[in-house]
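Each residue of the sequence shown is one higher than the one before, counting from 1 in full-length UniProt numbering. Yeah, the Cβ is synthetic: ideal placement off N, Cα and C, and Gly gets one too.
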Amino acid sequence: MLPVAIGPRTFAGPGPFVMGVLNVTPDSFSDGGRHAGVERALAWAERLRADGADLLDVGGESTRPGAPAVSAQEEIDRVVPVVERLARGGYPLPISVDTWKAEVARAALAAGAHLVNDIQGLADPAMARAVAEAGAPVVAMHMRGTPADMQSRAVYGDVVTEVRAELEAVLARALAAGIPRERVILDPGLGFAKTAAHNLLLLRELPRLRIEGCALLVGPSRKSFIGHVTGAPVEARLPGTLAAVAAAVLAGAELVRVHDVAEARQAAQVAAAIRDASQSPDAR
C-alpha cells in the first residue's frame, strides 16, 4: 500500500488496517437502528476507537440486498450531524462517509469527513467530480445494478476475471475525473451482485484482483455467504467473519471493513503475523 493520507493519518505498508462500521440507519441488515441518533452514534464511534479501529465508516442508507433507496436529503439528515459532531469534537480517527450519492458526499466532506466509500464505484460522474474537487481519497467498490436489483445481476462466466476488469474500469473513471491513483482504494464488493460461491472464490483469488498502485479493502462482516456456509444467522456470524478477515489479510488486503472491531483486529493481526513470518534467527 502506497502512503495514502486520509484526514489526520497517513496509511502505508501492508497493514492490516481496520475500518469500523457505524450505521446510522433504521434498517441495515445486521445493526439497523442500534446507532441511529447522534448521541448513540457518537457513543458507538468512541467504542470503535477504543476497540482499535483505524478509521470509521459512517453510513446513512442500508445497502442490503433488496433495500429501497432513501432520498439524498434524508441520508444527509442522518449522516451530517454525526460527522459534524465527530469532526468538531476532535475525533482522532479518519472519518469515511458510506454513500453513492454525490450530494451526500459533498455535504459530509464539507462537514468534516475525509474519505468517500462509494458502493457504486464512481458510476455517477458527479460523485467522481465531488471526490476530485475535494482532494479526497475514495473507496471504489465493485457492484452491478443497485441494492434493489443487484442479486439478479450476479451472473458471470468467470467471476474473478470479470470483477477485475470492472475494477479496472472503476479505476479508469477515477483517473479520468482527476483522482490520483494513490487515492483510490478498490473493493471487490463481497455480497454485492455476487452469490455465495462468487464471494468465496473472490476471497480465495484476491491476489488476482490486485491493481498496481491501489490498496485493496475487503468487507466480509456478517455477510450472507457466511450464513450460506455455516447456517448461522446474522447475529451469530462473528466466527465466520473472523475466518474471512484472516483469509483476506493472508491474500493481501490492506484494509478490512467490519462491525466487530476488537475481534477482527486480533484476527487480522495474527493473520498478518503469519503472512510476514520470517525464518531469521532474530525473528521473535
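| Check | Outcome |
| --- | --- |
| Counterpart residues of I6 in DSSP-defined beta bridges | R9 |
| Residues that I185 bridges to, as DSSP identifies them | V139, A215 |
| Segment limits, alpha helix (DSSP H) that includes D118 | That residue, D118, is in no alpha helix (DSSP H); its beta strand (DSSP E) goes 115-118. |
| Reduced DSSP secondary structure (H/G/I, E/B, other) of residue 320 | Here the chain has residues from 1 to 284 only, and residue 320 is not among them. |
| Whole-angstrom distance between A248 and R144, CA atom to CA atom | 22 angstroms |
| Burial state of T25 (16 or more Cβ within 10 Å) | buried |
| V258 (DSSP reduced to helix, strand or coil) | strand |
| Given I119 as reference, the closest of Q73, M150, G15 once Cα atoms are compared | M150 |
| A267 vs V245 beta-carbon contact at 7 angstroms | yes |
| Among D158, V116, A50, V83, the one whose alpha carbon lies nearest that of R208 | D158 |
| 7 angstroms Cβ cutoff, R106 in contact with chain C | The chain inventory of the structure shown lacks chain C, comprising one protein chain alone. |
| Cβ-based burial, P137 [other Cβ within 10 Å; buried from 16] | buried |
| For I76, three-class secondary structure by DSSP | helix |
| Pick from R183, V258, D187 that is closest to A12, judged by C-alpha positions | R183 |
| Pairwise C-alpha distance: V116 and R181 | 15 angstroms |
| Bridge partners - I95, DSSP secondary structure assignment | L56 |
| Cβ-Cβ separation, A130 to A165 (assumed contact under 8 angstroms), whole Å | With a Cβ gap of about 25 angstroms, A165 and A130 do not count as contacting. |
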